[in-house]
Amino acid sequence: AQSVTQLGSHVSVSEGALVLLRCNYSSSVPPYLFWYVQYPNQGLQLLLKYTSAATLVKGINDFEAEFKKSETSFHLTKPSAHMSDAAEYFCAVSDQAGTALIFGKGTTLSVSS
Amino acid sequence: GAVVSQHPSRVICKSGTSVKIECRSLDFQATTMFWYRQFPKQSLMLMATSNEGSKATYEQGVEKDKFLINHASLTLSTLTVTSAHPEDSSFYICSGSGGSYNEQFFGPGTRLTVL
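Keeping their order, the protein sequence lines are chains A and B.
For the first sequence, the numbering used here begins at 1189 and goes up steadily by one.
For the second sequence, the numbering used here begins at 8 and goes up steadily by one.
Right under this line is the structure:
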């Protein structure tokens, strides 16, 4: 069975600071991994995805994530936080492309000026 | 990416009534659609998976007679919450995959409030 653990339900950073959101996964097969962002009362927007190609994945809005099989991790980073990055972030895993996703519990990112 | 719409975006209903939520793929054929439920401050939980023309597959603990899912065409899936109760109040999000896409595209969600 697959699962996702997001360490830290709430992360606070200052504007301009590095953003690091942690995600560890468990999967018995090579996983497909995703990061989504959700703004209040809205659906999910895909930030980036790993589908067994390059281990360093670049996404929208300068976000990137690195797949580390040895650590079963897929942490999300952004070099410089903007106020508009404040939102809920979800890491998700699936065992095949286009199949149902298993989501982590989410991390709320707060950005202060 | 592809676009998925949901209607309505918000609905308030009385306890005991039924509510239908529509999920449409606007520019691709969604051979598979997924329905998720998200309670406040919580993650998304998969309720069911539906393939066009087939009966939906429900996750454990989700009552198929209460949450009726229809996926009659490649662009439309509906979720009907029958005899809704206050504990069904939640944010319902659909997603679709299919065509040339190997990922899911999410709708904007429907906020259901049962009084």
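All residues carry an ideal CB built from backbone N, CA and C; glycine is no exception.
How big is the Cα-Cα spacing for Q1230(A) and G116(B)? Counting from one through the first sequence, the residue named residue 1230(A) turns up at place 42. Counting from one through the second sequence, the residue named residue 116(B) turns up at place 109. Q1230(A) and G116(B) have their C-alpha atoms spaced approximately 6 Å apart.
Compare the C-beta of Q1230(A) against all C-beta atoms of chain B and say whether one is closer than 8 Å. For the purposes of this step, residue 1230(A) is taken as the residue at position 42 of the first sequence. Output row for Q1230(A): interface = yes.
Are there 16 or more other CB atoms within 10 angstroms of the CB of Y1227(A), so buried, or fewer, so exposed? Working through the first sequence from its first residue, we reach residue 1227(A) at position 39. The C-beta of Y1227(A) has fewer than 16 other C-beta atoms within 10 Å across all chains shown, which makes the residue exposed.
Three-pair Cβ contact test at 8 Å for the segment 86-99 of chain B versus the segment 1277-1284 of chain A: Output reads no: the segment 1277-1284 of chain A does not touch the segment 86-99 of chain B.
Please specify which runs of the beta strand (DSSP E), each continuous and at least 3 residues long, are wholly inside the segment 1238-1266 of chain A, giving them in chain order. Within the segment 1238-1266 of chain A, the runs of beta strand (DSSP E) at least 3 residues long that lie entirely inside it are, in chain order, 1244-1246, 1252-1256, 1261-1266.
Cβ of G1247(A) less than 8 Å from any chain B Cβ? Counting from 1 along the first sequence, the entry for residue 1247(A) is found at position 59. Not an interface residue.
Partner residues on chain A for P93(B), Cβ-Cβ distance less than 9 Å: Position 86 of the second sequence, counting from 1, holds the residue named residue 93(B). Residues of chain A with a Cβ closer than 9 Å to the Cβ of P93(B) do not exist, since the nearest Cβ in that chain sits about 19 Å away.
Between F113(B), G106(B), G114(B), which has its C-alpha nearest Q36(B)'s C-alpha? The residue you call residue 36(B) lines up with position 29 of the second sequence. Nearest to Q36(B) by C-alpha distance, out of F113(B), G106(B), G114(B), is G106(B).
Residue-level contact to chain B via CB, N1291(A), 8 Å cutoff: For this step, residue 1291(A) is matched to residue 103 along the first sequence. According to the sequence as given, residue 1291(A) is Phe; it is not Asn. Answer yes: the Cβ-Cβ gap between F1291(A) and chain B drops below 8 Å somewhere.
What are the complete beta strand (DSSP E) segments, minimum 3 residues, inside the segment 55-102 of chain B? Within the segment 55-102 of chain B, the complete beta strand (DSSP E) runs of at least 3 residues are 74-80, 83-88.
Pairing CB atoms from the segment 1234-1243 of chain A with CB atoms from the segment 1213-1224 of chain A, are three or more of them under 8 Å? By the Cβ criterion, the segment 1234-1243 of chain A is in contact with the segment 1213-1224 of chain A, since at least three pairs of Cβ atoms, one from each stretch, lie closer than 8 Å.
Expressed to the nearest angstrom, what Euclidean distance is found between the alpha-carbon atoms of E110(B) and Y43(B)? As a first step, residue 110(B) is located in the second sequence; it is residue number 103 there, counting from the start. As a first step, residue 43(B) is located in the second sequence; it is residue number 36 there, counting from the start. Distance between the alpha carbons of E110(B) and Y43(B): 16 Å.
Could you check the C-alpha separation between E59(B) and K71(B) for me, to the nearest Å? Residue 59(B) sits at position 52 when you count from the first residue of the second sequence. Residue 71(B) sits at position 64 when you count from the first residue of the second sequence. Cα to Cα, E59(B) sits roughly 17 Å from K71(B).
Closer than 8 Å by C-beta to A1274(A): which residues in its own chain qualify, once you throw out the five before and the five after it? Chain order, please. For the purposes of this step, residue 1274(A) is identified with residue 86 of the first sequence, where counting begins at 1. Same-chain partners within the cutoff: L1297, S1298, V1299.
Could you tell me the distance, in whole angstroms, from the CA atom of P47(B) to the CA atom of A79(B)? Here residue 47(B) refers to the residue found at position 40 when the second sequence is read from its first residue. Here residue 79(B) refers to the residue found at position 72 when the second sequence is read from its first residue. Approximately 30 Å, taken between the alpha carbons.
Just by C-beta distance, which residues in the segment 1246-1272 of chain A are closer than 9 Å to chain B? With the criterion set as a beta carbon lying under 9 Å from some beta carbon of chain B, the segment 1246-1272 of chain A has no members that meet it.
Three-way DSSP call (helix, strand, coil) for S1214(A) in this model: Your numbering for residue 1214(A) matches position 26 in the first sequence. S1214(A) falls in the strand class under three-state DSSP.
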